[in-house]
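**Student:** Here numbering that gives the first Met the number 0 is used: position 293 in the first sequence is 292, and no number is missing along the way.
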Amino acid sequence: MREVRVRFAPSPTGPLHLGGVRTALYNYLFARKSGGKFILRIEDTDQGRFVPGAEQYIIESLNWCGITFDEGVHLGGPYTPYRQSERKSLYRQYADQLVADGYAYYAFDTAEQLDQLRKEHEAKKQTFQYGPQTRQQLYNSLTIPAEKTAELLESGTPYVIRIRIPENETITVTDRIRGLVSVESSLLDDKVLFKSDGMPTYHLANVVDDYLMKISHVIRGEEWLPSAPLHVLLYRYLGWESSMPEFAHLPLLLKPDGNGKLSKRDGDRLGFPVFPLRWTDPFTSEVSSGYRESGYVPEAFINMLSLLGWHEESDKELFTMEELIDAFSIDRCSKSGAKFDPEKAKWFNHHYLSAKPVNELVKYLEELLKKEGISSASVNLERICELVRDRAVLIPDLLEQSRFFFIAPKSYDEKVVAKAWKAETPGILSGLAEVLQSVEVFEVPAIEEASKAYVADKGIGMGQLMNPFRLCLVGTSAGPGMFDIASVLGKEETLRRIQAGLNNIVI
RNA sequence: GGCCGGUUCGUCUAACGGUUAGGACGCCAGGUUUUCAUCCUGGUAAUAGGGGUUCGAUUCCCCUACCGGCUACCA
0 MREVRVRFAP SPTGPLHLGG VRTALYNYLF ARKSGGKFIL RIEDTDQGRF VPGAEQYIIE
60 SLNWCGITFD EGVHLGGPYT PYRQSERKSL YRQYADQLVA DGYAYYAFDT AEQLDQLRKE
120 HEAKKQTFQY GPQTRQQLYN SLTIPAEKTA ELLESGTPYV IRIRIPENET ITVTDRIRGL
180 VSVESSLLDD KVLFKSDGMP TYHLANVVDD YLMKISHVIR GEEWLPSAPL HVLLYRYLGW
240 ESSMPEFAHL PLLLKPDGNG KLSKRDGDRL GFPVFPLRWT DPFTSEVSSG YRESGYVPEA
300 FINMLSLLGW HEESDKELFT MEELIDAFSI DRCSKSGAKF DPEKAKWFNH HYLSAKPVNE
360 LVKYLEELLK KEGISSASVN LERICELVRD RAVLIPDLLE QSRFFFIAPK SYDEKVVAKA
420 WKAETPGILS GLAEVLQSVE VFEVPAIEEA SKAYVADKGI GMGQLMNPFR LCLVGTSAGP
480 GMFDIASVLG KEETLRRIQA GLNNIVI
């Protein structure tokens with residue numbers, strides 16, 4: 000059996016989106032599971048679409064996810080360089096070889112001429128295809144004398160090299176997920192392999208590099224399925240068919256509502272990130288939110304993504320990366336597109352966040368406090384994190400749920416005031432203040448004992464006391480238990496807030 | 001339009017051709033609780049339609065419908 004070598008091959012045209020991360024993840028899982036190598040190759044053959052920072056963004060994103068490589072543009076390796084623009088000089092010989100063998104030819108038609116043809120055909124509701132049916136009428140080395148071709152080449156006339164698609168052949172691709180996919184060659188077109196700027200197109204470059212880098216499996220998005228037969232043809236024409244990688248085309252990630260491929264717009268529209276990390280467009284300065292900055296933890300992000308297109312036979316849904324590596328298999332990838340569900344992403348995050356050791360939660364909280372310039376010098380953050388951990392879905396919730404510990408309420412929730420603040424309330428709270436004043440050890444057991452005795456003594460319900468009490472200390476009707484809150488706040492602050500409530504809440 | 005691919009609860013999905021079609025998210029209800037949330041228990045809800053093949057189709061085949069992808073000197 001041949002050594003497993005898989006690659007993730009993004010083009011640096013912007014931030015990596017969810018679908019791209021999932022493709023990288025599945026490649027990674029497959030490589031690790033089979034003890035193979037995982038390679039990061041940058042496909043930047045389109046210099047016109049190059050976006051500064053995109054490559055670094057891709058590396059950082061996958062790093063945040065815990066997806067690691069064995070070779071790649073950032074690591075080097077035995078097949079360096081791993082950036083196609085730096086491999087430029089390599090591709091030409093293969094294009095030449097194809098021409099020499101009659102599998103490709105020079106085409107001198109200008110982009111404008113072809114655009115024109117497409118428009119004309121479109122006007123007649125037809126599709127223009129540069130292929131077996133039309134190539135004889137076009138301006139290429141198949142239709143002009145050899146001397147003329149030589150002359151054009153000599154004089155520096157711009158040209159491209161196109162594959163010469165065979166006329167009546169059925170081309171079959173074996174896909175690990177979809178089985179046999181076949182297509183009639185007459186429906187394919189003479190795709191450009193080598194551009195007039197001296198760069199190969201994706202089609203040539205990916206085949207050449209996969210061959211040279213000894214890639215064993217190509218796991219990529221379904222959008223590549225239609226061009227897979229072309230790639231098979233290329234392997235055949237280059238004489239590499241026996242070492243052709245296996246293919247697996249992953250189903251697409253779809254937008255949560257309606258239909259269609261998940262896009263950046265959907266995130267803006269529905270309020271969830273579509274990128275792992277925040278991204279600032281270097282040209283427009285437009286900012287797109289990221290999972291990391293929104294407060295997701297990588298474990299949740301990965302677990303959520305892993306289940307979008309793959310599933311074990313069992314009902315198990317919670318997986319660590321190690322467990323994923325152990326469980327993953329290409330054969331259990333599904334064929335149909337998966338709608339992304341932001342709600343489920345939140346559920347995963349709540350699960351992983353609240354399961355974190357408290358010292359990690361403290362670190363998150365400290366960072367949030369620091370960012371807002373809130374002092375936490377004399378506060379037991381560990382205790383606070385324990386009290387709010389179950390209430391936090393995203394990391395920033397750690398602070399949102401505990402803010403009142405650090406900052407006394409400046410206003411009081413009107414609805415709660417209306418509901419909980421009665422005529423007798425001030426009297427009840429004044430009494431409570433007196434009782435608490437005399438509590439020596441201001442900890443939960445003593446506070447609880449004193450409060451309950453007070454309620455019993457007064458002959459009132461717990462709610463009559465606790466709801467207004469909470470309103471004074473928190474400002475609203477949510478949060479951890481009151482005895483916990485009071486003990487964390489301390490006697491002095493608790494009494495101060497009761498007094499503030501008595502002074503400021505009016506009905 | 002052409003080609004390729006796909007179709008099980010609202011969503012992600014499970015089910016050697018034989019199951020009361022299972023799980024999870026969401027939603028709803030109940031329980032716990034001084035509030036909110038968590039948590040626990042229960043409930044809701046699906047095999048796109050039509051033909052075959054078969055003793056028996058979610059499962060195999062065909063057709064239709066619908067959805068998606070591709071159709072650049074972009075990847």
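Glycine residues also receive a C-beta, built at the ideal position from the N, C-alpha and C atoms. Note that the structure is predicted; figures quoted are calculated from it, not measured.
Thinking just about the alpha-carbon of each residue, which of 204, 3, 179 is nearest to the one in residue 213?
**Tutor:** Checking every option, the nearest Cα to that of residue 213 belongs to 3.
**Student:** Of the choices 484, 75, 501, 178, whose alpha-carbon is the least far from that of residue 380?
**Tutor:** Ranking the options by Cα distance to residue 380, first place goes to 484.
**Student:** Apart from the five residues on each side of it in sequence, which residues of its chain come closer than 8 Å, Cβ to Cβ, to residue 59?
**Tutor:** So the qualifying residues of the chain are 276.
**Student:** Give the straight-line distance between the Cα atoms of residue 414 and residue 319, rounded to the nearest whole angstrom.
**Tutor:** Spanning the two alpha carbons is a distance of roughly 43 Å.
**Student:** Roughly how far, in whole angstroms, is the beta-carbon of residue 39 from the beta-carbon of residue 72, given that I think they are within contact range, below 8 Å?
**Tutor:** Their Cβ separation, rounded to whole angstroms, is 6 Å, which keeps residue 39 and residue 72 in contact under 8 Å.
**Student:** Rounded to whole angstroms, how far is the Cβ of residue 471 from the Cβ of residue 452, which I believe are closer than 8 Å?
**Tutor:** Contact flag wrong, Cβ pair sits at about 20 Å.
**Student:** Which residues bound the alpha helix (DSSP H) around residue 424?
**Tutor:** Per DSSP, residue 424 belongs to the alpha helix (DSSP H) from 424-436.
**Student:** CB-CB under 8 Å to residue 340, same chain, minus the five flanking residues each way: which ones, in chain order?
**Tutor:** Excluding positions up to five away in sequence, the list reads 255.
**Student:** Near residue 584, which residues of its chain fall below 8 Å by C-beta distance, leaving aside the five closest residues on each side in sequence?
**Tutor:** There is simply no residue 584 to check, as the chain begins at 0 and stops at 506 in what is shown.
**Student:** Quick one: does the C-beta of residue 401 sit closer than 6 Å to a heavy atom of the ligand PLP?
**Tutor:** You won't find the ligand PLP in this model; it holds no ligand whatsoever.
**Student:** Compare the Cα-Cα distances from residue 228 to each of 74, 134, 184, 505 and report the closest residue.
**Tutor:** Out of 74, 134, 184, 505, 184 has the C-alpha closest to the C-alpha of residue 228.
**Student:** Please determine if the stretch 198-208 and the stretch 85-102 are in contact, where contact requires at least 3 C-beta pairs separated by less than 8 Å.
**Tutor:** These segments touch.
**Student:** Taking residue 381 as part of the alpha helix (DSSP H), name the residues at either end of that continuous run.
**Tutor:** Unbroken alpha helix (DSSP H) run through residue 381: 380-387.
**Student:** Which residue from 305, 389, 494 puts its Cα closest to that of residue 438?
**Tutor:** Comparing Cα positions, the closest option is 494.
**Student:** Can you give me the start and stop residues for the beta strand (DSSP E) that residue 178 sits inside?
**Tutor:** Counting along the chain, the beta strand (DSSP E) containing residue 178 begins and ends at 178-183.
**Student:** Beta-carbon within less than 7 Å of residue 424's beta-carbon, same chain only, minus the 5 sequence neighbours each way: which residues are those?
**Tutor:** 467, listed in sequence order.
**Student:** Decide if residue 222 is buried, meaning its Cβ has at least 16 other Cβ atoms within 10 Å, or exposed.
**Tutor:** Burial call: exposed.
**Student:** Going by C-alpha to C-alpha distance, which of 443, 80, 209, 302 sits closest to residue 244?
**Tutor:** Ranking the options by Cα distance to residue 244, first place goes to 209.
**Student:** Could you check the C-alpha separation between residue 120 and residue 324 for me, to the nearest Å?
**Tutor:** Distance between the alpha carbons of residue 120 and residue 324: 50 Å.
**Student:** Closest to residue 273 by CA distance: which of 279, 112, 262, 435 is it?
**Tutor:** For residue 273, the nearest C-alpha among the options comes from 262.
**Student:** Distance check for residue 172 and residue 1, CA to CA, integer angstroms please.
**Tutor:** Looking at the two C-alpha atoms, the distance is approximately 20 Å.
**Student:** Determine the direct distance from the alpha carbon of residue 129 to that of residue 147, and round the result to whole angstroms.
**Tutor:** Computed Cα separation, rounded: 21 Å.
**Student:** First and last residue of the alpha helix (DSSP H) that includes residue 202?
**Tutor:** That run of the alpha helix (DSSP H) goes 201-211.
**Student:** Have a look at the DSSP bridge pairing and note the partners of residue 139.
**Tutor:** Paired residue(s): 106.
**Student:** Looking at residue 342 and residue 326, is the spacing between their C-beta atoms short of 7 Å?
**Tutor:** No, the pair does not count as a contact, with Cβ atoms beyond the cut-off.
**Student:** Have a look at 47, 368, 301 and flag the residue whose alpha-carbon is nearest the alpha-carbon of residue 347.
**Tutor:** Minimum Cα distance to residue 347 is reached at 301.
**Student:** Could you check which residue in 503, 65, 199 has the C-alpha nearest to that of residue 321?
**Tutor:** Closest by alpha carbon: 65.
**Student:** Going along the chain, which unbroken runs of the beta strand (DSSP E) with 3 or more residues stay wholly within the stretch 210-235?
**Tutor:** Within the stretch 210-235, the complete beta strand (DSSP E) runs of at least 3 residues are 216-220.
**Student:** Measuring only the C-alpha atoms, how far is residue 434 from residue 496?
**Tutor:** Taking the straight line joining both Cα atoms gives about 15 Å.
**Student:** Below 8 Å on the Cβ atoms is my contact criterion, and I expect residue 246 with residue 217 to pass it. Report the Cβ-Cβ distance as a whole number of Å.
**Tutor:** Yes, residue 246 and residue 217 are in contact; Cβ-Cβ is about 5 Å, under 8 Å.
**Student:** Tell me the start and end of each unbroken alpha helix (DSSP H) in the stretch 327-407 that is at least 4 residues and wholly inside, in chain order.
**Tutor:** With a minimum length of 4 residues, the continuous alpha helix (DSSP H) runs that stay inside the stretch 327-407 are 341-353, 357-371, 380-387, 396-399, 402-405.
**Student:** Looking at the secondary structure, which residues open and close the alpha helix (DSSP H) in which residue 245 lies?
**Tutor:** Not the alpha helix (DSSP H): residue 245 falls in the beta strand (DSSP E), residues 245-249.
**Student:** Nearest CA to the CA of residue 51: which residue from 337, 250, 12?
**Tutor:** Of the listed residues, the one whose Cα sits closest to residue 51 is 12.
**Student:** What distance in whole Å lies between the Cβ atoms of residue 137 and residue 105, which are believed to be in contact at a cut-off of 8 Å?
**Tutor:** The pair is not a contact, with the Cβ atoms about 11 Å apart (cut-off 8 Å).
**Student:** Roughly how many angstroms lie between the CA atoms of residue 287 and residue 299, to the nearest whole one?
**Tutor:** Answer to the nearest angstrom: the Cα atoms are 20 Å apart.
**Student:** With 16 as the cutoff for other CB atoms within 10 Å, does residue 211 come out buried or exposed?
**Tutor:** That one is exposed.
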